[in-house]
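Taking numbering that gives the first Met the number 0, the leading residue of the sequence shown gets 0, the next gets one more, and so forth. Worksheet for the structure shown next.
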Amino acid sequence: MQSFSAVRNTSSGALCLAHIAAGWADATFHFGTNPWDVAAGSYLVKLAGGRYRAYADGHEQPERGDFLAPD
């Protein structure tokens, strides 16, 4: 298991994802998001070389659901 130093979770999924992309946090998670809540932020994470994973009903579904974004 890898160690990490910062997990961010604010009320804004987009802001949390921007923090991941900037390298200010190591991971973030949110529940019950909509695609428009995280579209730009998830793109920034991918451009920065990070990973964005969205889940719904226990399966990976990028278009909806809960998300985890480890750096």
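Glycine residues also receive a C-beta, built at the ideal position from the N, C-alpha and C atoms.
DSSP places A20 within a helical segment (H, G or I) once states are collapsed to three. For L43, same chain residues with a beta-carbon under 7 Å away, outside a window of 5 residues either side, are L16, A17, A20 in chain order. Assignment of Y51 by DSSP, reduced to helix, strand and coil, places it in the coil class.
Excluding five sequence positions before and after K45, the CB atoms of its chain that fall closer than 8 Å to its own CB belong to Y51, given in chain order.
For G40, the secondary structure class from DSSP, reduced to helix, strand or coil, is helix. In summary, H29 is buried, with 16 or more beta-carbon neighbours lying within 10 Å of its beta-carbon over all protein chains present. For S11, the closest alpha carbon among the candidates G22, A26, D36, W23 is that of D36.
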